Amino acid sequence: DAGITQSPRHKVTETGTPVTLRCHQTENHRYMYWYRQDPGHGLRLIHYSYGVKDTDKGEVSDGYSVSRSKTEDFLLTLESATSSQTSVYFCAISDPVQGGTGYNEQFFGPGTRLTVL
Amino acid sequence: QKEVEQNSGPLSVPEGAIASLNCTYSDRGSQSFFWYRQYSGKSPELIMFIYSNGDKEDGRFTAQLNKASQYVSLLIRDSQPSDSATYLCAGFYTGRRALTFGSGTRLQVQP
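Protein chains in written order, with our numbering: chain A, 10 to 126; chain B, 3 to 113.
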């Protein structure tokens, strides 16, 4: 994950406060993703981006918003944090091979551990 | 029903044995599958992917895909204690442009 950084790496916040997590990549990959990981649920997709200013919802998008104004940065915002959003958040990147071979390897950042009290 | 299913384990094998990890999927539209390894407290790291029926070998790892039966497996030969981790299976569905992950199988290799 040398080309992907996440900040902050750890955060403790209180219910009702806004929180923004940042993912930064130096690989110039087109696609970026936000996942959350919770015990028993594996990795669940929150939102993803397939280009600057192009984003789409994943399976657990309620309570989250994203923005991507530059290729290298993908922000995840919790407008009003709740205890149910306590989780480990992973950013991932990928760049599909041209020609539609059908594979799409994703590479993950180091993660952000968020605790909402 | 989740689209990608894995047994949560733990799967315990002795050092030097073959570990067999399995994954089933429900969407026949899936095109390719990925195996990730995740150590406790770390991020997932890609081991290998497979998109054709049959076997694909990479060192001690072999991925197997059977599209007719809708299952994917990962074999780890000569298992080492350092292989102890959670293994995540993921499927790629073109229409969604994103991977769908199983919940992972925890592997324990006993010295």
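Beta carbons: idealized from backbone N, C-alpha and C, even for Gly. Treat the numbers as computed from the prediction; the structure is a model and nothing was measured.
{"Check": "Alpha-carbon spacing of B/TYR38 relative to B/ALA100, whole angstroms", "Outcome": "15 Å"}
{"Check": "Own chain partners of B/ILE52 with C-beta closer than 6 Å, once the 5 adjacent residues on each side are dropped", "Outcome": "PHE35, LYS58, ALA65 and LEU67"}
{"Check": "Any 3 or more C-beta pairs closer than 8 Å across the segment 33-47 of chain A and the segment 84-99 of chain A", "Outcome": "yes"}
{"Check": "Buried versus exposed, by CB contacts within 10 Å (16 or more), A/ALA90", "Outcome": "buried"}
{"Check": "Interface partners of A/TYR59 on chain B, CB under 7 Å", "Outcome": "ARG99"}
{"Check": "Segment limits, beta strand (DSSP E) that includes A/VAL69", "Outcome": "Unbroken run through A/VAL69: none, as it is neither H nor E."}
{"Check": "Rounded distance between the beta-carbons of A/LEU87 and A/PRO27, thought under 8 Å", "Outcome": "7 Å"}
{"Check": "Buried or exposed (CB count within 10 angstroms, at least 16 for buried), B/VAL111", "Outcome": "buried"}
{"Check": "Beta bridge counterpart(s) of B/ASP29 as assigned by DSSP", "Outcome": "None; B/ASP29 has no bridge partner."}
{"Check": "Runs of beta strand (DSSP E) lying entirely within the segment 32-90 of chain B, each at least 3 residues, in chain order", "Outcome": "34-40, 47-52, 56-60, 63-68 and 73-78"}
{"Check": "A/ARG31 versus B/TYR89: straight-line alpha-carbon distance, rounded", "Outcome": "26 Å"}
{"Check": "Buried or exposed by the 16-neighbour rule on C-beta atoms within 10 Å, applied to B/ALA92", "Outcome": "buried"}
{"Check": "Contacts around A/SER70, its chain only, beta-carbon distance under 7 Å, and the 5 residues preceding and following it disregarded", "Outcome": "ILE55 and HIS56"}
{"Check": "Backbone secondary structure at A/GLN107 - three-state DSSP", "Outcome": "With a pLDDT of 48 at A/GLN107, under the threshold of 50, the predicted position of this residue should be treated as unreliable, and no value is reported."}
{"Check": "Chain A residues whose Cβ lies nearer than 8 Å to that of B/PRO46", "Outcome": "LEU52, PHE99 and PHE117"}
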